[in-house]
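Sequences listed follow chains A and B, in order.
Under the numbering used here, the residue at position 110 of the first sequence is numbered 93, and the numbers go up by one with no gaps.
Under the numbering used here, the residue at position 253 of the second sequence is numbered 242, and the numbers go up by one with no gaps.
Let me begin by presenting the structure, written as structure tokens, before commenting on it.
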Amino acid sequence: MTELQIKDLHARTPTTQILNGVNLNVRSGEVHALMGPNGSGKSTLSHVLMGRPGYSVTQGEITLDGVDLTGLQTWERAQLGLFLVLQYPVEIEGVPASSIFETSLLSPEGDFEENLHHVRQEAEYLGIPTGHLLRGVNLDMSGGEKKRLETLQLVTLKPSIAILDELDSGLDIDGLRVVSNRIERLTKEDGLGVLVITHYNRLLEELKPDQVHVFVEGRIVVSGDSSLADELESDGYEKWMPSTETSVALGGLS
Amino acid sequence: MYTPELVQELRGHEWLRKLRTEIATSASGFSHPSREEEEWRYSPIDKLELGRFTPVLSKPLIMPNDAKKKSDGFHTISTVDGYLLSHDQLDTYDVHSVSDLEEPIEFETPADMLGSMNLAFSPDPVLIRVPRGSRVDLPLIIDHRWEKESAACFPLIRIEIEESAEIEIVEIFHHAEVDSLIVPETKIVIGNGSNVNYQQVQNLGPNVWQLGTLDVSVGQQANFHGAIAAIGGSYARLKTNCCLDGRGASGKVSAIYHGNGDQVLDFRTHQKHVARDTQSDLLFKGILDDESTSIYTGLIHVHNEASGTNAFQTNRTLKLCDRAWAESVPNLEIENNDVKCSHASTVSPVDEDQRFYLESRGVPTLDAEKLIVRGFLQEVVSSLPVEAINGWIADLFNQKLDTRATYGQ
């Protein structure tokens, strides 16, 4: 059993305070959905959890099985079992996915060829042509192809906890189904814990979250079961947003 | 020290001795290169003290113990301190020590002091002739090695390829722990309809200064595919002239380089389109670490007669360290309207997003940077012209990259 604990997390960029006290626990096998309006800080949360340069934690803590992550490099967090599927996976010329599998500390030990055979099988299941593994990662790939490749890395590198930042953006209906089915199987069979950031219910219909959290202005304002996602789908975020009058008043004060 | 009297001590027939004396005499009229001149701009040439280096006046007696090391699968020519040491002789090409030739051969008049010094002081110019229609079956390796300390060495290689011939040439400037000045000149004349692949590997020792020239002229419907791999030297300069002389000629020149410590790697290129329907494509990519510097200045010159020219020029440099410095100056000079030309130049640090991406997959920072660097160079590495030697070149670069113990310093 692995547990990612986020306690009273505050973080900022050099110019802006973005996270304002996030509290969340994600355990093995659980699926948590994080939903919120644009600009509420969801992607920032995923980057701060993964230790992306450019953000600083000003208060609170992040632990994985009790180990404090805040002082660790990104790859050290990955080595401990944390994984991030990026909203916009970057293209890297001349670095094929196969090189990542070869170099990653998360790759299973043992015969490389055997591991690669496993990678190819998973790629086939996810509908990724073998050629995509050999050319520069994400290079000249469509949004959907990139997300399939992200999922392949998730499936083969086998982290304990995965953050999926808008995995569904760019994926077509068939792609979404195959990718989410495979991730759901990971949660059931391998006990993967998932924090999924999304704007749409469709991914959640496949992934079936245990909890849904509404994220506004850098913190979770309400949590509930999957019915909360349905409510958001019909009513939007308005009821969770700070009232316009308050904003105006604050604006007046400043 | 570099006097007309001194060249008299070099071996050769009367015509060569006379030529050397004439050139050495006229060279005294050339001024010492200065960074005030455009073609030496950014360079540390003002620090050159010619008097520190002594021309090598007799053939070194030491046989380099590994001169034949890579001879399997290749034809070889070996030089030491600019002297021809040994060579294979085949039906498909001839090799001559110009000092042994009774009949004069023609050398172009040198344009500057370095060209003059090379021609005057080259102790043993080498002439390689590939006859018409010849197909040289294996790559020809020209090994340059260095033995004498504080020497001024002037290797001069002239390769004449007649019509409809094919050859692959690899010229290697080997590593040696000497403190020398090397002024090499390689001239390749490619006849009509011939195909030449040429790879230069510059792996000189860390204290060596190189002031080199590679001069190529490409005939009608002929193809030159050349590449430079540069990792050695203290200040290592190579001036590459690729002149497209015949209609339909094409010249592709690429380079990869890796500087570290306080190395200065200096590349000057000239793509000269003289004839119609000619094509040139240049791609130089390099990485810089520590306090190293790279200099790239390149000119595409399309002459008035050269309609139908396609010419491209790209220089990209990746800096692994804030203290590294890159100058990159591409230029165009176009005298004809019917041309397609482009030039591009970038100098950038390792992309933070790419590094973060790889790290988030469990790749440690140093390995992530190495992956990014290898990927960056891959575009050139994957299309180097002499396939048989590509693995060795990739290993040289990997070894240098593997000496890197820290990142982002």
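Built from N, CA and C at the ideal position, the CB exists for glycine as well.
None of these values were measured; they are calculated from a predicted model.
Within 9 angstroms, strictly: CB atoms of Ala357(B) and Val336(B): no
Local Cβ density within 10 Å of Thr354(B), reported as buried at 16 or more and exposed below that: buried
Distance between Asp279(B) and Arg393(B) (C-alpha atoms, nearest Å): 10 angstroms
Interfacial residues, the region 31 to 63 of chain A to chain B, with Cβ spacing under 9 angstroms: Met33, Gly34, Arg35, Pro36, Gly37, Gln56, Thr57, Trp58, Glu59, Arg60, Ala61, Gln62
Status (buried if at least 16 other CB within 10 Å, exposed otherwise) for Ser111(B): buried
Own chain partners of Lys359(B) with C-beta closer than 6 angstroms, once the 5 adjacent residues on each side are dropped: Leu390
Rounded separation between Glu11(B) and Leu(-1)(B) - CA only: 14 angstroms
Close-in-space but distant-in-sequence residues of the same chain around Pro142(A) (CB under 8 angstroms, 5 per side omitted): Ala61, Gly64, Leu65, Phe66, Leu89, Leu175
Beta bridge counterpart(s) of Asp148(A) as assigned by DSSP: Ile180(A)
Assigned exposure category for Thr191(A) - 16 Cβ within 10 Å defines buried: For the record, residue 191(A) in the displayed sequence is Lys; it is not Thr. Flag for Lys191(A) reads exposed.
Pairwise C-alpha distance: Arg265(B) and Gly208(B): 11 angstroms
Complete beta strand (DSSP E) runs within the region 92 to 169 of chain A (minimum length 3 residues, chain order): 144 to 148
Chain B contact for Phe95(A) (CB, 9 angstroms cutoff): no
Chain A within 9 angstroms of Ser349(B), Cβ atoms only: yes
Own chain residues within Cβ distance below 6 angstroms of Ile161(B), not counting five before or after: Asp132, Val190
Short CB-CB distance (under 9 angstroms) between Leu360(B) and chain A: yes
Near-chain B residues of the region 125 to 152 of chain A - C-beta to any C-beta below 7 angstroms: Gln136, Leu140
Length of the line joining the Cα atoms of Gly221(B) and Glu152(B): 35 angstroms
Beta-carbon neighbours of Ile(-11)(A), restricted to chain B and to distances below 7 angstroms: Near Ile(-11)(A) there are no residues of chain B at all, since even the closest Cβ is about 17 angstroms away, more than 7 angstroms.
Helix, strand or coil at Asp35(B) according to DSSP, with G and I counted as helix: helix
Gln404(B) burial status per 10 Å Cβ neighbour count (16 or more: buried): Residue 404(B) lies beyond the residue range present for chain B, which begins at -10 and ends at 398; the question has no answer from this structure.
DSSP state of Leu211(A) mapped onto helix, strand, coil: helix
Buried or exposed (CB count within 10 angstroms, at least 16 for buried), Lys241(B): buried
Cutoff 9 angstroms: Gln78(B) Cβ touching any chain A Cβ: no
Buried/exposed call for Lys130(A), threshold 16 Cβ in 10 Å: buried
Test: Thr86(A) CB closer than 9 angstroms to a CB of chain B: yes
Opposing strand residues paired with Asp132(B) [DSSP bridges]: Ser67(B), Ile161(B)
Integer-rounded CB distance, given that Val119(B) should sit under 8 angstroms from Ala154(B): 5 angstroms
Reduced DSSP category for Thr199(A) - H, G, I as helix; E, B as strand; rest coil: Position check: residue 199(A) holds Val in this sequence, whereas Thr was assumed. Here Val199(A) sits in strand by DSSP.
Sequence-distant residues of the same chain with beta carbon closer than 6 angstroms to Val375(B), five excluded per side: Pro128, Glu157, Val159, Asn186, Gln188
Beta-carbon separation (whole angstroms), Trp223(A) vs Val195(A), contact threshold 8 angstroms: That belief does not hold up - the Cβ atoms of Trp223(A) and Val195(A) are roughly 12 angstroms apart, past 8 angstroms.
Presumed contact (8 angstroms Cβ cut-off) between Leu103(B) and Val172(B), rounded CB distance: 6 angstroms
Opening and closing residue of the alpha helix (DSSP H) in which Pro(-7)(B) lies: -7 to -4
Between the CA atoms of Ile(-11)(A) and Leu7(A) - distance to the nearest angstrom: 5 angstroms
Neighbourhood of Ala333(B) by C-beta, 6 angstroms cutoff - its chain only, sequence neighbours within 5 removed: Thr303
Chain-ordered chain B contacts of Pro72(A) [CB-CB under 8 angstroms]: Tyr346
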